[in-house]
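See below for the structure under consideration.
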Amino acid sequence: MIDSILNKARAGEELSVEEIAALLSIDNEAEQQALFDCAYAIKEEQVGKVAYFRGLIECSNICMKDCYYCGIRRSNDKVDRFLMEEDEIVKEALWAYEAEYGSCVIQSGERQDENYISMIERVVRRISERTGGELGITLSLGEQTEETYRRWKDAGAHRYLLRIETTNPELYARIHPEDHRMDVRKECLKSLRRCGYQVGTGVMIGLPGQTMEDLAHDILFLQSIDIDMVGMGPYIPHSDTPMGLEVPTYSEAQKKTALNLGLRMIAVTRIVLKDINIAAATALQALEYTGREQGLKCGANVIMPNVTETDYRPKYQLYDNKPCLDENSSMCRGCLSGRIKGIGETIGFNKRGDSLHFRNRVAE
Ligand code: SAH
Numbered sequence: 007m008i009d010s011i012l013n014k015a016r017a018g019e020e021l022s023v024e025e026i027a028a029l030l031s032i033d034n035e036a037e038q039q040a041l042f043d044c045a046y047a048i049k050e051e052q053v054g055k056v057a058y059f060r061g062l063i064e065c066s067n068i069c070m071k072d073c074y075y076c077g078i079r080r081s082n083d084k085v086d087r088f089l090m091e092e093d094e095i096v097k098e099a100l101w102a103y104e105a106e107y108g109s110c111v112i113q114s115g116e117r118q119d120e121n122y123i124s125m126i127e128r129v130v131r132r133i134s135e136r137t138g139g140e141l142g143i144t145l146s147l148g149e150q151t152e153e154t155y156r157r158w159k160d161a162g163a164h165r166y167l168l169r170i171e172t173t174n175p176e177l178y179a180r181i182h183p184e185d186h187r188m189d190v191r192k193e194c195l196k197s198l199r200r201c202g203y204q205v206g207t208g209v210m211i212g213l214p215g216q217t218m219e220d221l222a223h224d225i226l227f228l229q230s231i232d233i234d235m236v237g238m239g240p241y242i243p244h245s246d247t248p249m250g251l252e253v254p255t256y257s258e259a260q261k262k263t264a265l266n267l268g269l270r271m272i273a274v275t276r277i278v279l280k281d282i283n284i285a286a287a288t289a290l291q292a293l294e295y296t297g298r299e300q301g302l303k304c305g306a307n308v309i310m311p312n313v314t315e316t317d318y319r320p321k322y323q324l325y326d327n328k329p330c331l332d333e334n335s336s337m338c339r340g341c342l343s344g345r346i347k348g349i350g351e352t353i354g355f356n357k358r359g360d361s362l363h364f365r366n367r368v369a370e
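Under our numbering, read the sequence shown as residues 7 to 370, first letter to last.
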């Protein structure tokens, strides 16, 4: 059964929801390995065995949203809130540039006020100018108006990540307050596309109550909106959130289960969407030390090493057990590079590593 689905995928045929759900439901090692090998072969053929780095700058944990799963949600008063100085953000982006990462990602909690919007605009413009437009700039700053997305694009950003989190409306409503709306997120994704960004989205994997069919529909949603990049990762409880209180910290066995499902989700996404960029989320590493490299081995081709100043890292915890909290950026570069070479891949140093899917889409 699994073999015949994989053969179909290899032959380039479309998979049904049932077939995708069957791949996600695999529960033995041999079949799982066959799935990973198939995804890796498709990755190699479509985008090569190159891992692209994006230096991740977590520039502020101030957030107006109150998502029930997220450690930096507005109502978590245990969080020590910070906002980096503009100079600090630029400095970290330049560090990533000097370290030959090719791209950076600026991420933060969500703010929609003009002060914040214009601060980001200035920072993006400075980074773009200082690197002669060479450093790729991805933003991951939540829901904004189309005008804001356009201002940031004009300043020099060219990719944007905004996860849909889940495409099941009931599940979406269970994990968010009522005024956090999925249709707004979907509109934002359309706005981003109209502004000319390479657009990325994704979901959390293994949410309480989420089924394999839900995840299969998530993948088909990504396909239906013709997405350029995917960033998705396992849901991991944070103890100071409403959802974290319901499910206590993962046991070792639960970590393994969550990791395997996360990896299967990456593999199936590669098989179905083929030439897109897929990030191996840091959350994979929170479940197992080599989680991100395992992500590369089953279809991901992007990794986001943290370049945030070590002092800030403990304050930006979306989930428990965030890795590399006590490391600095050079340590992250060294240890990740070694591990990636160890699995036989090259690193796309000094390359922006744009989504081939985006290039093909725009060329059409
Ligand atoms: N505020 C921005 C970016 C920061 S949050 C935005 O909303 O886009 C980035 C991502 O972290 C979210 O999209 C969510 O998918 C993920 N995340 C938050 N809490 C998490 C948790 N407990 N486990 C796993 N991922 C989580």
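Glycine included, every Cβ here is placed at the ideal spot set by N, Cα and C.
Take residue i and list the residues in its own chain whose beta-carbon comes closer than 7 Å to its own, dropping the five residues that flank it on each side.
i           : result
residue 1   : No information on residue 1 is available, as it lies outside the stretch 7 to 370 that the chain covers here.
residue 221 : 30, 211 and 271
residue 310 : 60, 62, 111, 285 and 288
residue 292 : 242, 325, 327, 328 and 329
residue 21  : 11, 14, 15 and 278
residue 401 : No information on residue 401 is available, as it lies outside the stretch 7 to 370 that the chain covers here.
residue 66  : 88, 89, 90, 114 and 115
residue 37  : 8
residue 342 : 309 and 311
residue 297 : 265, 290 and 291
Excluding the 5 residues preceding and the 5 following residue i in the sequence, name in chain order all residues of the same chain whose CB lies nearer than 6 Å to its CB.
i           : result
residue 148 : 116
residue 219 : 27
residue 157 : 127
residue 360 : none
residue 364 : 204 and 234
residue 52  : 280 and 281
residue 105 : 339
From the DSSP output, in three-state form, read off residue i for me.
i           : result
residue 306 : coil
residue 230 : helix
residue 327 : coil
residue 144 : strand
residue 95  : helix
residue 51  : helix
residue 58  : strand
residue 319 : helix
residue 7   : coil
residue 263 : helix
residue 314 : coil
residue 242 : coil
residue 343 : helix
residue 152 : helix
residue 2   : Given a span of 7 to 370 for the chain in the structure shown, any question on residue 2 remains unanswerable.
residue 248 : helix
residue 175 : helix
residue 105 : coil
residue 213 : coil
residue 17  : coil
residue 78  : coil
residue 366 : helix
Quick one: Cα of residue i to Cα of residue j, how far?
i           : j           : result
residue 111 : residue 163 : 10 Å
residue 240 : residue 263 : 10 Å
residue 319 : residue 9   : 43 Å
residue 215 : residue 179 : 12 Å
residue 260 : residue 181 : 20 Å
residue 248 : residue 151 : 29 Å
residue 35  : residue 153 : 48 Å
residue 321 : residue 334 : 15 Å
residue 146 : residue 165 : 9 Å
residue 337 : residue 102 : 13 Å
residue 295 : residue 82  : 28 Å
residue 255 : residue 98  : 32 Å
residue 138 : residue 228 : 33 Å
residue 346 : residue 299 : 6 Å
residue 232 : residue 348 : 33 Å
Ordered along the chain, which non-local residues of its own chain (more than five positions away) have a Cβ less than 8 Å from that of residue i?
i           : result
residue 175 : 188
residue 92  : 125, 128, 129 and 132
residue 142 : 60, 108, 109, 110, 164, 165, 358, 359 and 360
Just list the residues that DSSP pairs residue i with in beta bridges.
i           : result
residue 89  : 66
residue 254 : Residue 254 pairs with nothing; no bridge assigned.
residue 167 : 206
residue 4   : The structure shown does not extend to residue 4, since the chain is modelled only from 7 through 370, so no value can be given for it.
residue 236 : 207 and 284
residue 123 : None; residue 123 has no bridge partner.
residue 6   : Absent from the structure is residue 6, since the part of the chain shown begins at 7 and ends at 370.
State yes or no: is the C-beta of residue i nearer than 7 Å to some heavy atom of ligand 3?
i          : result
residue 27 : Ligand 3 is absent from the structure shown, which contains only ligand 1.
Stretch-stretch touch, CB-based, cutoff 8 Å, three pairs: the region 38 to 54 with the region 211 to 226: no
Segment contact, 8 Å Cβ cut-off, at least three pairs: the region 118 to 132 with the region 71 to 80: no
Meets three-Cβ-pair contact criterion under 8 Å: the region 258 to 271 and the region 192 to 199: no
Segment contact flag, the region 349 to 362 with the region 51 to 66, C-beta cutoff 8 Å, min 3 pairs: yes
The region 159 to 173 contacting the region 181 to 195, beta-carbon criterion three pairs below 8 Å: yes
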